[in-house]
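S.K.: Could you have a look at this structure, given as structure tokens, before my questions?
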Amino acid sequence: MKTWKLCAYLCTTAAIFTACDESEETSSWGQGIKWTTETSGALILNAGNEYSGIDGEISIFDYATLSCVTGAFSAQNGRSLGLTPNGAIVYGSKIYTAITSSNTIEIINRADMKSAKQLSFTNHTTLTMPRDVVGHDGYVYASFYSGHVARIDTTTFAIDKIVEVGVHPERMTIAGNYIYAPNSGEVLNYDKTVSKINLSTFKVEKTIEVALNPTVLKSDANGRVYALCMGNYNDIPSAIYRIENDGESYTKVAEATMFDIHKSSNTLYAVNAPYGAPKNDYFNIDLNKNDDVITTQEMAIEVEYPAAIAVDPTTQNIILTSYEVIGGYASYSTPGYAKMYKANGTQIARFDVGVGPTFATFFTDSKLTVQ
Amino acid sequence: MLRTMWALAVCWIGVSVHALGATMLRMHHEEYTADSTQRSTHTLGIVEVSAQRSNTVNNTVATQHITRESIKKQGITDLADALRRMTGTTVKDYGGAGGMKTLSVRSMGATHTAVIYDGIAVTNCESGQIDLSRFSLDQIDQLSLTVGDDSNIFLPARNIASAATLHLSSRAPQFNEQKSYNLSGRVQTGSFGMMSPSFRYEKALSPSWSMRAQGEYLRADNQYDFTLKNVDLVTKEKRYNNELHAGRGELDFYYQPLHSRSSLSGKVYYYETDKELPGPVVYYNPISHEQQRFRNTFQQLSYRTSWPCHLALQINAKANWSENLYHDEGKQYKNEEKNDYYRQQDYYTSVALLYSPLEQLSFSTATDYAYTTLRSNAIEAVAPMRHTILSSLAAKYQTEWITATSTLLYSNYINDTRKGTASQNAHRLSPSVSMVLHHPQMSWWRIRVSYKDIFRMPTFADNYYTWLGSRDLKPEKAQQINLGVSVLSPTKNQQNHVELHVDAYTGHVKDKIVAMPKSLFHWNMVNVGKVQLYGVETRINTATSLHQNLQIETNWSYSYQYAVNMTEPDSRYYKDQIAYTPRHNVAGSVTMLTPWLNISVHGTAMSKRYSTNENMEDTRIEPHHEFGISAWQIFRLKNRTTLELRGDITNLTDEQYEIVRSYPMPGQAWKLSLYINY
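From first to last, the protein sequence lines are chains L and A. Take numbering that gives the first Met the number 0: the final residue in the first sequence is number 370, and no numbers are missing along the way. Take numbering that gives the first Met the number 0: the final residue in the second sequence is number 677, and no numbers are missing along the way.
Right, dumping it as structure tokens:
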């Protein structure tokens, strides 16, 4: 047990360095000791299709071979991941997945893809329908559609703290000593707030107003928080906003439907694919430049029907996932694909994934070398 | 699966040959009795009789009938079971007594199937599909399924406005001189906490007036076990949150004066169901709190008259109100609950005229008007309404050799809203022709040919459903050509006969209305689907008297459906079989009738199918078969009272299967029924 705890501790420390590695790929810690951050691959989360009864699955893309395997979880565990996984992180030696319809958080060993623990919220008194997971400082935080954010102890896999936020919190981010949860509200009754939770007290310190229907939050190298507000899918377009003045105001950055931030270079990568647009826009924004005038840089990257964008925190590689397009329409019930690009837009790989590839993240590790 | 099909096929051939060999080849069946068709329900005028009486074999289109008698004999347990025994049918069944059941005929989709209850259409403007779980077999004297326009041309225009029509009909009460009333009752109990009493009371009020009152109540827990296979993990689960309560009350009256050419009938109907919805099976999450309450009431009137100048008239009218309430509870909702309502109102009237100048020739015309409204919190707040004007013109030519009909339907749909934009209007001409050839001396064969061009309007959900609906939808068109042959044993004998019906068809559905993603979160209804259909249907019925105390009857049906998605030639899923449509469907029953006990063994089997139009491993639904056994006996007591005791076991082999993906069907179940007729 002791060795196991130590192992878990080491893994989490390694992960902290991964998560906290904000400015550069390598950093030195003491004389002759060097920490290198490396990415070995990517994880694509396939949400499946609830209506057609297609379960979710994990796809793993290997940087070494540039090949992708889908279905490792069910192959290794002899059971399904569950219906509609919506968020995942690679944290230490584990993968945490929030599976909304199955009402579970699956904690998976990275080494063999076997389940270490399945947290079920079916009979939980407070929490239901996990939506997203983020990791920080030895803890994993999960947002729940019941309107809560909960803290999972990564050594015991138990929920030790719960805080109430707004309606339907979605994809969260961590900046400084705070975790931010966007409250998207209900269908046709969208919310427009972000709950700012102090990680030390685990209390909501502030409820910040943003634009309509915030669903994704990301933070930059300077600890500023960006919110993707989806609008009303009608006359209010989906756009990225930056929270200013400690939450007292917000400014529009760009119209977009999905985005990610590469912290080391402080670059925002986004896709704007609203319905009816003649073509989708793929662009990046240098967040170090003057805040008043936002200049977007078009990128020559493209998929047919974008489902997710993610940027590798170390290599700055970009993953774009896509639905398959059949007859001009995205097919939500058939397997999609993904493309990987270098930061300059050179395509590295194109690979098949599962049905509904709505999220991607990376296997990033800190490596210790003694010089 | 293949083994089962073979077994069924071998069994089928064996019994058929046996029946052929052993019989005296005499023909007569209750299907052929003149007053068995539903049309005769209200057919009392003199002119109409010659114009309307038709039966299965003389019909110009593929028609299948199941009477109350054959329901009993074939061991049919519910309406869905009756439909599964027919050819060309795909019953989408969400499982259990409370699970929704919709009928698609010849792969055209459930929205192309009209349901006519006692002569007038049952409508659902919201989804366009009728949930058949609300109908019980006890309220039906006969059900028939017609594809295309049959040889009866004296009909409301709405009754011919669909590609396929399911008629559910009750018979006008019949009395004799000694008895001016009929009283029957039934109690039923079975697995999964099922209990259902019902009654039917018919009374002759005067020589011209009669009435019928009937009521039924059904309750069931429906918490059946099922085996859940999760990759390699196999667990025993239970279908929780599946309780059902349903009640129905109906009052009919009939006015038929003696020596009069006119008749009037009417119905007041009320139905209510309160049920829990277990939802799809989701791994690791067996909890559902969803509930549905559906209430429907309607009043309908039917008046018929005729004049000596070869003219007949019928007027039908119906006022319909229904309400569907959905309730769900969960911490994911703002106030921990969610409530949706759908309220539909329908006012309908139809006038039809029949003119028969010659014995061989008749013409008819009908004009229908309907006004439909829907109020719901789940559709955009526009309060949609629709005016439907349908006019039909039909001709029929009938000799000893041929019966031929030709129909032209003009449909005009005018959409309106109380506020906001209405969806597109539509008007269209729909032709159909059909004929059957028969030889006056060689009455053992029939050849029928038919063609019908029809469409269905977008439903209010298609048009206005929040985020999903589109107002610029065009109607969804369907066309079909049918060629059929019937061969019958040439003599008339109820104990020994054999008949064979084979129909082959081809057709297509164009501008199929399907939901397509508009953005990640936003879907849209569009006219993109294209389906090509080919099919063959075969039915064989036999009756053999082996001994004066032993009669064997068999019914077999086989359907082949090639229904493929032709939407996108470049797609790798081009020409894949459309969702939920098996290529092969087999059903059969063998009934043994003896003076001591009657037994029916029956089964249905289906080949593999897919829950999506893309035929992938992930969405494959395995083939299945299901067998059942029924036994019954009628006891005649004093004072003309009869008592009937009946036992059914369904899914005898406890087969675990699904018809709709993630909605497991019940395993082995029993049912015990006691009927009293006085």
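We put the beta carbon where it would ideally sit given N, CA and C, even for glycine.
What span of residues does the alpha helix (DSSP H) with A/SER69 cover, start to end?
M.R.: DSSP places A/SER69 inside the alpha helix (DSSP H), whose first and last residues are 67 to 72.
S.K.: Would you say L/LEU187 lies against chain A (beta-carbon separation less than 8 Å)?
M.R.: Chain A, which has a Cβ nearer than 8 Å to the Cβ of L/LEU187, makes this yes.
S.K.: Mind checking L/VAL369: buried by the 16 CB within 10 Å criterion, or exposed?
M.R.: With fewer than 16 Cβ atoms within 10 Å of its Cβ, L/VAL369 is classed as exposed.
S.K.: Using a cut-off of 7 Å between C-beta atoms, extract the partners of L/TYR144 located in chain A.
M.R.: GLN331
S.K.: Please report how far the alpha carbon of L/PRO356 lies from the alpha carbon of A/ARG385, in whole angstroms.
M.R.: 41 Å
S.K.: Flag this pair as yes or no: are the beta carbons of A/GLN291 and A/SER301 separated by less than 8 Å?
M.R.: no
S.K.: Given a limit of 7 Å on CB to CB distance, which residues of the region 643 to 669 of chain A reach chain L?
M.R.: Within the region 643 to 669 of chain A, the qualifying residues are ARG660, SER661.
S.K.: Give the residues of chain L in contact with A/GLU567, contact being defined as C-beta atoms less than 7 Å apart.
M.R.: ILE325, GLY326
S.K.: By DSSP's criteria, L/ASN37 is part of a beta bridge. Which residues make up the other side?
M.R.: Residue identity check: residue 37 of chain L is Glu in the sequence provided, not Asn. Its beta-bridge partners are L/ASP364.
S.K.: Of the choices A/ALA514, A/ALA425, A/VAL484, whose alpha-carbon is the least far from that of A/ASP461?
M.R.: A/ALA514
S.K.: Run through the DSSP bridge pairs and tell me what L/GLU105 is partnered with.
M.R.: L/THR96, L/GLN117
S.K.: So for L/HIS147, helix, strand or coil by DSSP?
M.R.: strand
S.K.: Taking the CB atoms as reference points, tell me whether A/LEU436 and A/TRP400 lie closer together than 8 Å.
M.R.: yes
S.K.: DSSP three-state call for L/GLY355: helix, strand or coil?
M.R.: Collapsing the DSSP output to three states places L/GLY355 in coil.
S.K.: What does the alpha-carbon distance come out to for the pair A/ASN319 and A/GLY265?
M.R.: Roughly 14 Å between the two C-alpha positions.
S.K.: Along the chain, where does the alpha helix (DSSP H) that runs through A/ALA604 open and close?
M.R.: First-last for A/ALA604: 597 to 605, but that is the beta strand (DSSP E), not the alpha helix (DSSP H).
S.K.: At the level of alpha carbons, what is the spacing between A/SER431 and A/ALA245?
M.R.: 39 Å
S.K.: In this structure, what does DSSP give as the bridge partners for A/ASP224?
M.R.: In DSSP, A/ASP224 forms a bridge with A/LYS237.
S.K.: Around the Cβ of L/PRO312, are there at least 16 other Cβ atoms within 10 angstroms (buried) or fewer (exposed)?
M.R.: buried
S.K.: Residues of chain L with CB under 7 Å from A/ILE286, in chain order?
M.R.: THR121
S.K.: The ligand SAH and L/LYS160: does any heavy atom of the ligand fall closer than 7 Å to the residue's C-beta?
M.R.: For the ligand SAH, the structure offers nothing, since it holds no ligand at all.
S.K.: With a threshold of 8 Å between beta carbons, is A/ILE45 in contact with chain L?
M.R.: Low confidence applies to A/ILE45: its pLDDT is 31, below 50, so where it sits in the model is not reliable, and the reading given next is rough at best. Not one chain L Cβ lies under 8 Å of A/ILE45.
S.K.: Let me make sure I understand the geometry here. Which of A/GLY214, A/GLN331, A/GLY97, A/THR406 has the alpha-carbon closest to that of A/ILE152?
M.R.: A/THR406
S.K.: So A/PRO279 contacts chain L; which residues on that side make the cut at Cβ distance below 7 Å?
M.R.: Neighbours of A/PRO279 in chain L, taken as residues whose beta carbon is under 7 Å from its own, are GLY52 in chain order.
S.K.: Is the beta carbon of L/VAL203 closer than 8 Å to that of L/LEU216?
M.R.: At least 8 Å separates the beta-carbon of L/LEU216 from that of L/VAL203.
S.K.: Nearest-angstrom Cα distance between L/VAL166 and L/ASP190?
M.R.: 7 Å
S.K.: Where does A/GLN547 land, buried or exposed, given buried means 16+ other C-beta within 10 angstroms?
M.R.: Exposed, since its Cβ has fewer than 16 Cβ neighbours within 10 Å.
S.K.: Could you tell me which chain A residues have their CB closer than 8 Å to the CB of L/ARG78, listed as they occur along the chain?
M.R.: ASN229, VAL230, ASP231, LEU232, TYR282
S.K.: Excluding sequence positions up to five away, which residues of its chain have a Cβ less than 6 Å from the Cβ of A/SER195?
M.R.: Counting only Cβ-Cβ distances below 6 Å, and skipping sequence neighbours, we find GLN187, LEU217.
S.K.: Determine the DSSP secondary structure at A/ARG105, reduced to helix, strand or coil.
M.R.: coil
S.K.: Please classify A/MET441 as buried or exposed, where buried requires at least 16 other C-beta atoms within 10 Å of its C-beta.
M.R.: A/MET441 comes out exposed.
S.K.: In the DSSP output, which residue or residues are listed as bridge partners for L/PHE282?
M.R.: L/ALA269, L/GLU297
S.K.: Is any beta-carbon of chain A found at less than 8 Å from that of L/LEU82?
M.R.: Output row for L/LEU82: interface = yes.
S.K.: Quick check on L/ALA74: does DSSP put it in helix, strand or coil?
M.R.: helix
S.K.: Using the Cβ count rule (16 or more neighbours within 10 Å means buried), how would you classify A/TYR347?
M.R.: buried
S.K.: Could you compute how far the alpha carbon of A/GLU657 sits from the alpha carbon of A/SER422?
M.R.: 37 Å
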